[in-house]
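Asker: One structure, pasted below without further comment.
There are 2 protein chains.
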Amino acid sequence: MGITKSEIFTLQQNEIATFAKVFGHPARVAILQHLFKINTCVCGDLVSIIGLAQPTISQHLKELKNLGLIKGTIEGTSVCYCIDKDNWLNMKTIMITFLDQDYSETDQCC
Amino acid sequence: MGITKSEIFTLQQNEIATFAKVFGHPARVAILQHLFKINTCVCGDLVSIIGLAQPTISQHLKELKNLGLIKGTIEGTSVCYCIDKDNWLNMKTIMITFLDQDYSETDQCC
DNA sequence: TCTATTAATCGTAATATTGCAATAAACAAA
DNA sequence: TTTGTTTATTGCAATATTACGATTAATAGA
Numbered sequence: 001m002g003i004t005k006s007e008i009f010t011l012q013q014n015e016i017a018t019f020a021k022v023f024g025h026p027a028r029v030a031i032l033q034h035l036f037k038i039n040t041c042v043c044g045d046l047v048s049i050i051g052l053a054q055p056t057i058s059q060h061l062k063e064l065k066n067l068g069l070i071k072g073t074i075e076g077t078s079v080c081y082c083i084d085k086d087n088w089l090n091m092k093t094i095m096i097t098f099l100d101q102d103y104s105e106t107d108q109c110c
Numbered sequence: 001m002g003i004t005k006s007e008i009f010t011l012q013q014n015e016i017a018t019f020a021k022v023f024g025h026p027a028r029v030a031i032l033q034h035l036f037k038i039n040t041c042v043c044g045d046l047v048s049i050i051g052l053a054q055p056t057i058s059q060h061l062k063e064l065k066n067l068g069l070i071k072g073t074i075e076g077t078s079v080c081y082c083i084d085k086d087n088w089l090n091m092k093t094i095m096i097t098f099l100d101q102d103y104s105e106t107d108q109c110c
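So the sequences go chain by chain: Z and L. Mapping to UniProt numbering: the first sequence position 43 is 43, numbers consecutive. Mapping to UniProt numbering: the second sequence position 26 is 26, numbers consecutive.
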């Protein structure tokens, strides 16, 4: 039925999945990498850099903004985007905790 | 049109997105957390633990197996699943490198 | 052999995602 | 005010994902 049954999972599991989902598209990965790389706000050149149509980029930016990972500031006719450092750090902690689970070397059966 | 234009992104960007996508569903997060928690192979009790139908769990397991994050061993009529440690570590390195990008505190505009 | 158990596969319905053309909105500058 | 520039929104088509009933396959045990 195409609909995720999020109600049967914990808040933490849903949160991890929500963050992961937004990284599940290479355009959004590329946008974030660019924002980190140029080390300042980006005003408008994302469309030419990524290579997708302007409405498509705008949609991807919206998803990143909804999760709070980036923020945009209006500068005249253009909008400047940058990483939201606090929220990124919070997300990073949650994701790394998930990735960093560890288990002892004993009691392995495969 | 519902199809990701992966050809315009780098191999690394596509790899990050592929790993992230598999974590983008809470059932798969829950499966992996359970495999880490019980610290040994799981033979069949995943359906009752997660709370989705057996074909649905089987489908999620298949996606995790396709990416190499888990492996299954046949034990009679049941199959035992566990984390593939080597591949998990490889994935972890790739994902943490992405999450851990950093940028200097200077030259910020927002 | 027959039956029960377990997991995979098939088929299908419902919903979500991706991408873009067309358009709108907001503002700067002439 | 008009024109150009930039970004957001709308609407839609194509494809992907999620979920599960029905079925199949494989094996253990009676």
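The C-beta atom is built at its ideal place from N, Cα and C for all residues, glycine as well.
Per DSSP, L:C41 is paired with what?
Answerer: Beta-bridge pairing links L:C41 to no other residue.
Asker: Could you tell me whether the Cβ of L:L46 comes closer than 7 Å to any Cβ of chain Z?
Answerer: Answer no: the Cβ-Cβ gap between L:L46 and chain Z never drops below 7 Å.
Asker: Could you check whether the Cβ of Z:K92 sits closer than 7 Å to any Cβ belonging to chain L?
Answerer: yes
Asker: Should L:L11 be flagged as near chain Z, meaning a C-beta pair shorter than 7 Å?
Answerer: Not a single C-beta of chain Z is nearer than 7 Å to the C-beta of L:L11.
Asker: By a C-beta neighbour count over all protein chains shown, 10 Å radius and 16 as the cutoff for buried, is L:G2 buried or exposed?
Answerer: Exposed.
Asker: Three or more C-beta pairs under 8 Å: does that hold for the region 16-26 of chain Z against the region 15-31 of chain L?
Answerer: Enough Cβ pairs lie closer than 8 Å, so yes.
Asker: Mark L:I74 as exposed unless 16 or more other C-beta atoms lie within 10 angstroms of its C-beta, in which case mark it buried.
Answerer: exposed
Asker: May I ask you to verify whether the region 60-78 of chain Z touches the region 56-76 of chain L, counting CB pairs closer than 8 Å and requiring at least 3?
Answerer: The answer is no - the region 56-76 of chain L does not touch the region 60-78 of chain Z, with fewer than three Cβ pairs under 8 Å.
Asker: Would you kindly report the start and end of the unbroken alpha helix (DSSP H) that includes L:E7?
Answerer: Element bounds for L:E7: n/a, residue is neither H nor E.
Asker: Quick one: what does DSSP say L:T77 is sitting in, helix, strand or coil?
Answerer: coil
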